[in-house]
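One structure below.
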Amino acid sequence: MRKIFIVVLHVVGFVEMKAQITPYSGAHIQYNELNKFVGTWQWTSGADTLVIKLYKQEIYMKPPANFFFEEIVGWHKYVKNGIIQETFLQYAGLPFDIGHATILGGPKSENELYGSFQDITKNKLCDLYLIMINNNQTELKWQLRNSMGIKPQGYQWSFSLPIDLTLIRQ
6 MRKIFIVVLH VVGFVEMKAQ ITPYSGAHIQ YNELNKFVGT WQWTSGADTL
56 VIKLYKQEIY MKPPANFFFE EIVGWHKYVK NGIIQETFLQ YAGLPFDIGH
106 ATILGGPKSE NELYGSFQDI TKNKLCDLYL IMINNNQTEL KWQLRNSMGI
156 KPQGYQWSFS LPIDLTLIRQ
């Protein structure tokens with residue numbers, strides 16, 4: 006149910022950003038600007054490493070919406086002090102609707118993705134910004150933020166992964 010809510014939230018947000026076009030039943034919404042983000046990206050600092058694998062996938066919105074749209078779907082592995090903290094790379098490439106994806110995002114602008122990231126250790130959904138920072142498309146800025154809104158008592162405000170870093174295309 007949480008995945009359905011996330012997908013609906015993304016579709017509503019991105020359709021609204023695209024001049025408020027309402028997709029017709031059976032439509033296939035494509036975003037060519039997503040292609041540059043596809044691939045394996047890595048950040049390393051000493052014995053700490055973050056690896057993300059990003060794929061472009063077509064996601065189906067069930068009736069009554071009944072249309073397809075492209076999103077970036079991804080999985081990550083985080084190693085801190087040489088010890089694996091989180092990994093979902095074993096699921097990389099599986100269809101989004103099967104589950105296990107930790108990254109979901111769509112275009113915010115030509116060189117920026119906005120989406121969500123599942124912090125497994127903290128058991129929370131975060132806002133994720135991925136920004137292409139050079140013309141060669143070899144460096145990607147990663148920014149994690151707490152999502153807006155009312156939080157339950159005991160909410161984990163900190164993150165288990167770095168929140169600002171630069172990933173290098175592998």
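According to my numbering, the sequence shown is numbered sequentially starting from 6.
In this text, a Cβ means the ideal position worked out from N, Cα and C, and glycines have one as well.
Exposed or buried, what is residue i when buried is set at 16 or more other beta-carbons lying within 10 Å of its beta-carbon?
i: Phe10; result: Here Phe10 scores only 48 on pLDDT, less than 50, and its place in the model should not be relied on; the value that follows carries that caveat. Result: exposed.
i: Val13; result: Interpretation of Val13 is limited by its pLDDT of 48, a score under 50 that renders its predicted location unreliable; no figure is taken from the coordinates.
i: Trp162; result: exposed
i: Gly110; result: buried
i: Tyr119; result: buried
Can you list, in chain order, the residues of its chain with a C-beta nearer than 8 Å to that of residue i? Leave out the 5 residues immediately preceding and following it.
i: His33; result: Glu63, Phe72, Phe73, Phe74
i: Thr92; result: His81, Lys82, Tyr83
Tell whether a beta-carbon distance below 8 Å holds between residue i and residue j.
i: Ile108; j: Phe122; result: yes
i: Lys58; j: Ile77; result: no
i: Gln90; j: Thr126; result: yes
Which residues in the same chain as residue i place their Cβ atom closer than 7 Å to its Cβ, once the five residues preceding and following it in sequence are excluded?
i: Lys129; result: Gln161
i: Tyr36; result: Glu75, Gly111, Pro112
With DSSP as the reference, please indicate the residues paired to residue i in a beta bridge.
i: His105; result: Bridge partners of His105: none, in fact.
i: Val84; result: Thr54, Ile89
Please return the same chain residues whose Cβ sits closer than 6 Å to the Cβ of residue i, not counting the five positions on each side in sequence.
i: Gln175; result: Thr45, Gln47
i: Phe101; result: Gln62, Ile64, Val78
>> Is it the case that the region 40-58 contacts the region 74-88, given that we only count it when at least three CB pairs across the two stretches are under 8 Å?
In response: yes
>> With three or more beta-carbon pairs closer than 8 Å as the criterion, would you say the region 140-156 touches the region 165-174?
In response: yes
>> Tell me whether the region 89-102 and the region 110-121 touch, counting them as touching only if at least three CB pairs, one residue from each stretch, are closer than 8 Å.
In response: no
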